[in-house]
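**Student:** Here's a structure for you.
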């Protein structure tokens, strides 16, 4: 392999680089439409069938995408959960019969190489139950990847069983103290857990000494260096003000049986932003950062969305406007979601938003935002039109053919078939006990990219992807080291599933593991562009994403038939630019940020 390397300091002047808002996005800001929507039952529309669980489920799922709208398989997803020795279920305490909204959120998982042996491992939050009307947590589990074909549960030796002091949901991996070993933040009802990696195969819980004194109902989170001091900061999203003292009796639509109350029955909770003190501790900078207090957050995405070298924050809220915080430097934010066109759907209505990710679906060199929503709402693809401006293009991209019958949670955008185009995967499942418009258990989805449009992928009838699940979390990782990305699904009260990606035709690939030096070690906020022929393929190192879950650290490209990347351009969060040329494919490249310009 012959590589030439160039480093440049791009410097910083975010105000100078900022462009005027696109006129289309400005036009969206004048729309004021108040509609009740989100995670609550709705009346059937004329001509729309209403189905229940059981035998009706197949007919409902069949209506979502007709046969002539589905594309041929580009790969197989083989369920290897049992083969790999993984046995774990997220539990929500539903069996206690409380019909509490906390049961509906479910949980996710985190991919992290906790022992730094080069193989991705899995951390799984346990969920919770109720004891005398008090939510209590189940312990988590850590699975060590032994040899890329088998995993072993190591919670007892690695974390003394990972006990949970509160009912827990999400897992967000990052090296918060820059020691080279990934740590895990766990969100939940009543507080945070921070599992600090000791570098010797063990993790200890340090939320209190770290200053993470959050006591609210935390859902999603995102790591990122918001003030560019070389240390990771933390954004924590909160959901709603529920407790057993505020636990209304809600009936299902038939007015016969009790059901879980929708989020509109509760006030939202304000989010929190913690800044690092650069010594392993944090301080609450929420007021300084000028955060809004009226969200109901379920998804957080941290990335440089306006290409000014500073990481921004996108928050997916449930039934209220989504947030977009643009970073003006020193962790000072402006919330611009409405004027930028990413607060609501195309008609100005807030959606029941859960999962979130980013991709450059049209290869414009700008990151687009992807959001999963509630049933009868289009999943949202917001095309990036330039700094501070997005356009809702789900219909243009062929994504509105999903029919609105899915309740989308975990989602990932990645090149699943290694053809150079980023595809979309979604884990689906209902949030109420007695739905009537679509079943509780739903099919997962894969939407394959084809020239800036997407087409639903067909799977074998006997596969995991053709069986309904009460889906929640979703993450991707190259678990077996063959260059393509495997999928890990987290479900409610059912086993976690590992699906191995088996390509049906050979393709080349490249993965890049970034190691920051002047930037925070995880390099969250970095933008990396691979030149492959006449294509410029953007990947971004992000914090948060999906739903309650963390995918692998390494950025991944499919090269198709190309055997090498002509040029790889890395823009580090510090402002330095690194250029590599003539990189052979089919390898994982570890790239360390230069200390000097």
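In this note's numbering, the protein residues as written are 274 to 870. All residues carry an ideal CB built from backbone N, CA and C; glycine is no exception.
(1) Should residue 744 and residue 774 be called a contact, given that it needs their Cβ atoms to be closer than 7 Å?
(2) What number of angstroms, rounded off, separates the C-alpha of residue 857 from the C-alpha of residue 746?
(3) With 16 other CB atoms within 10 Å as the buried threshold, where does residue 715 fall?
(4) Which parts of the segment 329-414 are runs of the beta strand (DSSP E), unbroken and 3 residues or longer, counting only runs that do not cross its ends?
(5) From the DSSP secondary-structure annotation, give me the bridge partner or partners of residue 424.
(6) Would residue 706 pass as a contact of residue 720 if the rule is Cβ separation under 7 Å?
(7) Would you report the Cα separation of residue 693 and residue 372, rounded to the nearest angstrom?
(8) If you compare alpha carbons, which of 799, 632, 511 and 517 is closest to residue 464?
(9) Just reading off the beta strand (DSSP E) that residue 559 is part of, what are its end residues?
(10) Could you check how far apart the C-beta atoms of residue 647 and residue 615 are, in whole angstroms? I think they sit under 8 Å.
(11) When you compare the CB positions of residue 456 and residue 471, do they come within less than 7 Å of one another, or not?
(12) Confirm, please, whether the CB-CB distance from residue 379 to residue 397 is below 7 Å.
(13) Can you grab the Cα-Cα spacing for the pair residue 749 / residue 492, in whole Å?
(14) What runs of the alpha helix (DSSP H), each 4 residues or longer, lie entirely inside the segment 511-586?
(15) Taking just the CA atoms, how far does residue 429 sit from residue 650?
(16) Tell me, which residues are paired with residue 721 by DSSP?
(17) So residue 605 is in the beta strand (DSSP E); what residue range does that whole segment cover?
(18) Would you report the Cα separation of residue 559 and residue 660, rounded to the nearest angstrom?
(19) Answer with buried or exposed for residue 477, where buried requires no fewer than 16 other C-beta atoms within 10 angstroms of its C-beta.
(20) What residues match up with residue 462 in a beta bridge as DSSP calls it?
(21) By the 10 Å Cβ neighbour count, where 16 or more other Cβ atoms means buried, how is residue 626 classified, buried or exposed?
(22) From 453, 387 and 447, pick the residue whose C-alpha is nearest to that of residue 881; which is it?
(23) Use the C-beta contact count for residue 453: other C-beta atoms within 10 angstroms, 16 or more gives buried, fewer gives exposed.
(24) Does DSSP put residue 302 in a helix, in a strand, or in coil?
(25) Flag this pair as yes or no: are the beta carbons of residue 365 and residue 399 separated by less than 7 Å?
(26) Just to confirm, is the Cβ distance from residue 604 to residue 499 under 7 Å?
(27) Excluding five sequence neighbours on each side, which residues of the same chain lie with their C-beta closer than 7 Å to the C-beta of residue 528?
(28) How do the segment 837-848 and the segment 799-806 stand: do at least 3 beta-carbon pairs fall below 8 Å, yes or no?
(29) Evaluate residue 620 with the Cβ neighbour count: other Cβ atoms within 10 Å of its Cβ, from every protein chain shown; 16 or more gives buried, anything less gives exposed.
(30) If residue 545 and residue 487 are in contact, beta carbons under 8 Å, what's the gap, nearest whole angstrom?
(31) Could you give the distance in angstroms between the alpha-carbon of residue 426 and the alpha-carbon of residue 709?
(32) For residue 557 versus residue 811, is the C-beta distance shorter than 7 Å?
(33) Going by beta carbon distance, what residues of the same chain come within less than 8 Å of residue 348, once the five residues before and after it are set aside?
(34) Taking 7 Å as the limit between beta carbons, can you name the residues of its chain near residue 299, skipping five residues before and five after?
(35) Classify residue 519: buried if its beta carbon has 16 or more other beta carbons within 10 angstroms, exposed otherwise.
(36) Check for me: the alpha helix (DSSP H) holding residue 714 runs from which residue to which?
**Tutor:** Put simply:
(1) no
(2) 34 Å
(3) buried
(4) 348-352, 383-385, 394-397, 401-403 and 408-410
(5) 418
(6) no
(7) 45 Å
(8) 511
(9) First-last for residue 559: 559-562, but that is the alpha helix (DSSP H), not the beta strand (DSSP E).
(10) Wrong, their Cβ atoms sit about 17 Å apart, outside the cutoff.
(11) no
(12) no
(13) 20 Å
(14) 559-562
(15) 43 Å
(16) 728
(17) Where residue 605 is concerned, there is no enclosing beta strand (DSSP E), given that its DSSP letter is neither H nor E.
(18) 24 Å
(19) exposed
(20) 440 and 490
(21) buried
(22) Since the first and last residues shown for the chain are 274 and 870, residue 881 lies out of range.
(23) exposed
(24) Residue placement at residue 302 cannot be trusted, given a pLDDT of 37 that sits under 50; the coordinates are not used to answer.
(25) no
(26) yes
(27) none
(28) yes
(29) exposed
(30) 6 Å
(31) 39 Å
(32) no
(33) 689, 690, 757, 774, 775, 776 and 777
(34) At residue 299, the pLDDT of 33 sits below 50, so the modelled position is not reliable and the matter cannot be decided from this model.
(35) exposed
(36) That residue, residue 714, is in no alpha helix (DSSP H); it is neither H nor E in DSSP.
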